[in-house]
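According to the working numbering, the sequence shown holds residues 1113 to 1312 in order.
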Amino acid sequence: MPWATLAHMHPSPFLYFADDRLSTAELSAARLDGHLVELGDAYIPADAVETAGLRAGSLRGILGDTLAATHLTAAWVHGALPFPPVRHTVQRAVERRLHAVIDLRLLYRDGSVAATDVVLLGGVRVTTPVRTLADLARVPDEAHAHAARLLAAAYAGLAREAADRLERSGKLPHKRSGLVFLRGLAAAEDAVAGRAPTTT
């Protein structure tokens, strides 16, 4: 799958953070002059090509080395959504429990994400497209369903792979409805491609 070939990318020199290389005032002036544009929690040159690595790297200040971007935030990083969510969904990416994650910008889940379910982009951890789609499918609201449809449409075969992954998972909230949703996406993809539906 295309996502499996994603390179381990490190923080980019195209990312500018407040009070890092430029002060907040300098960043604001550069934005007003049209030289920089906002991207996540950072800025990039106005003529830079927005990539998954840049989107992910813009979050390194809030993700650090212990958190992974998940759900809607991961969907945005992978290019399924045009804008980041108002609050970033994150999950523990280390085995040890974190004593406190208090940040109004975050929706934090304490359960750890397996290393096999994350990819390193822009120097931070993000759930893979397969894991991201499986997570989105289990959240019973239209915002997550919409993001799931867009993510599935971006990667051929992703819906079926996510359904297979979710099927193999243990007990999870909304697993059954998530499977129905993912299988529906896979069947729709098969219909468009003229393939016979596959039952699992």
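Backbone N, C-alpha and C define an ideal beta-carbon position, used for all residues, glycine too.
Fair warning: this is a prediction, and the values are worked out from it, not measured in the lab.
- Secondary structure of Val1251 (DSSP, three-state): coil.
- For Ala1180, same chain residues with a beta-carbon under 7 Å away, outside a window of 5 residues either side, are Val1202, Gln1203, Ala1205, Val1225, Val1230, Arg1237, Val1238, Thr1239 in chain order.
- Runs of the alpha helix (DSSP H) spanning 4 or more residues and lying entirely within the stretch 1229-1308 occur at 1241-1249, 1254-1266, 1270-1280, 1287-1305, in chain order.
- In the three-state scheme derived from DSSP, where H, G and I count as helix and E and B as strand, Ser1124 is classed as coil.
- Counting along the chain, Leu1144 sits inside the alpha helix (DSSP H) bounded by residues 1136-1144.
- Its Cα nearest to that of Val1304, the residue Gly1269 stands out among Leu1184, Val1149, Gly1269, Ala1275.
- Between Leu1219 and Thr1244, the gap from beta carbon to beta carbon reaches 8 Å or more.
- The secondary-structure analysis by DSSP pairs Thr1201 across a beta bridge with Leu1219.
- Counting along the chain, no beta strand (DSSP E) covers Val1225, and no H or E run does either.
- Distance between Ala1298 and Glu1254, taken at the CA atoms: about 18 Å.
- Per DSSP, the continuous beta strand (DSSP E) segment holding Ala1181 begins and ends at 1179-1181.
- Linking Arg1261 to Arg1209 through their CA atoms gives a straight-line distance of about 33 Å.
- Leu1134 and Asp1145 have their alpha carbons spaced roughly 15 Å apart.
- For Leu1284, the number of other beta carbons within 10 angstroms of its own is below 16, and it is reported as exposed.
- By the criterion of a C-beta distance shorter than 8 Å, His1190 is surrounded in its chain by Trp1115, Ala1164, Val1238, Pro1241, Thr1244, Leu1263, Ala1266, once the five residues flanking it on both sides are discounted.
- Asp1276 has its alpha-carbon roughly 45 Å from the corresponding atom of Arg1143.
- DSSP places Leu1151 in the strand class (E or B) of the three-state scheme.
- For the pair Leu1151 and Leu1139, the CB atoms are not nearer than the 8 Å cut-off.
- Between the C-alpha atoms of Gly1282 and Ala1227 there is a straight-line separation of about 17 Å.
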